[in-house]
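Trainee: Count along the sequence shown starting at 1, add 58, and that's the number in the working numbering.
Following this message is one structure expressed as structure tokens.
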Amino acid sequence: IIVDLVSSIPEYENFTKILDLGCGPGLYGIALVLDHPSLQGVLFDQPPVATVARRNAEEYGVEDQITVISGDYLNDPIGEGYDLILASMTLNFALGSFETLMNKVFDALNPGGVFVAISDGRTHDGTKPADMIIPMLLPALMGQNMAINEDFIANAMLDAGFYKVRSKPVQTPVGEVECTIGKKK
């Protein structure tokens with residue numbers, strides 16, 4: 059799903075360097091590198107998770123195309139010179155410093171670069187997407203509301219200087235999510 063989504067971006071064939079921000083096991087970045095053989099990928103996540111991403115890059119035989127960086131994307135440098143930054147289901151952790159993170163992402167992109175953010179995209183009335191509402195209830199009841207409302211990321215991208223920002227629903231195996239794409243001039 060991610061490869062299909064990202065490869066549909068008109069600039070995709072010209073991408074040379076991507077960042078999978080908050081990559082988890084790194085499978086999205088690895089899949090993109092496998093799909094686009096001239097692509098160099100950077101996988102970024104917390105140290106224990108980065109270890110798993112590094113192991114997966116080796117297992118898939120793309121360690122020569124993948125660099126793994128461990129750190130906290132809210133506080134540590136994320137690198138620069140990217141044509142694409144992908145953040146899938148990780149921006150919930152940045153809600154307390156979203157403007158700072160959006161500026162960091164914007165600055166890390168090359169001119170013409172693209173930021174793709176996948177999030178829960180909860181409706182303002184809190185009823186959709188249905189597959190995301192129940193899992194978010196317990197943290198919300200404990201005072202940790204980590205839900206990202208629809209258009210929140212799009213508005214933050216516009217505030218950071220992105221243009222041609224658009225959001226759309228994407229059906230995934232875990233339910234419907236919101237995909238927001240912004241481009242840097």
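Cβ coordinates follow ideal geometry from the N, Cα and C atoms, glycine included.
(1) I need the boundaries of the alpha helix (DSSP H) containing residue 65, first residue and last residue.
(2) Return the bridge partner residues of residue 227 from the DSSP annotation.
(3) Does the stretch 65 to 76 come within contact of the stretch 96 to 106, defined as at least 3 CB pairs closer than 8 Å?
(4) Decide if the stretch 78 to 95 is in contact with the stretch 117 to 126; the criterion is three or more beta carbon pairs, one per stretch, under 8 Å apart.
(5) Put residue 73 into one of helix, strand or coil per three-state DSSP.
(6) Could you name the residues of the same chain whose beta carbon sits closer than 7 Å to that of residue 140, not counting the 5 residues immediately before and after it, in chain order?
(7) For residue 155, does the count of other Cβ atoms within 10 angstroms reach 16, so buried, or fall short, so exposed?
(8) Using the Cβ count rule (16 or more neighbours within 10 Å means buried), how would you classify residue 134?
(9) Using the three-state DSSP reduction, which class does residue 172 fall into: helix, strand or coil?
(10) Where does residue 102 sit, in a helix, a strand or coil, going by DSSP?
(11) With H, G and I counted as helix, E and B as strand and the rest as coil, what does DSSP make of residue 96?
Mentor: In short:
(1) For the purposes of this step, residue 65 is identified with residue 7 of the sequence shown, where counting begins at 1. Here the alpha helix (DSSP H) through residue 65 covers 60 to 65.
(2) In the sequence shown, counting from the first residue as 1, residue 227 sits at position 169. According to DSSP, residue 227 bridges with 236.
(3) yes
(4) yes
(5) Reading the sequence shown from its first residue, position 15 is the one you call residue 73. In the three-state reduction of the DSSP assignment, residue 73 falls in the coil class.
(6) On the sequence shown, position 82 is the one that residue 140 refers to. For residue 140, where only same-chain residues beyond five positions count, the Cβ hits under 7 Å are 75, 76, 77, 166, 167, 168, 171.
(7) Reading the sequence shown from its first residue, position 97 is the one you call residue 155. It is exposed - the Cβ of residue 155 has fewer than 16 other Cβ atoms within 10 Å.
(8) Walking along the sequence shown from the start, residue 134 turns up at place 76. Classification for residue 134: exposed.
(9) For the purposes of this step, residue 172 is taken as the residue at position 114 of the sequence shown. Strand, per DSSP.
(10) The sequence position of residue 102 within the sequence shown is 44, counting from 1. Strand.
(11) Against the sequence shown, residue 96 aligns to sequence position 38. Here residue 96 sits in coil by DSSP.
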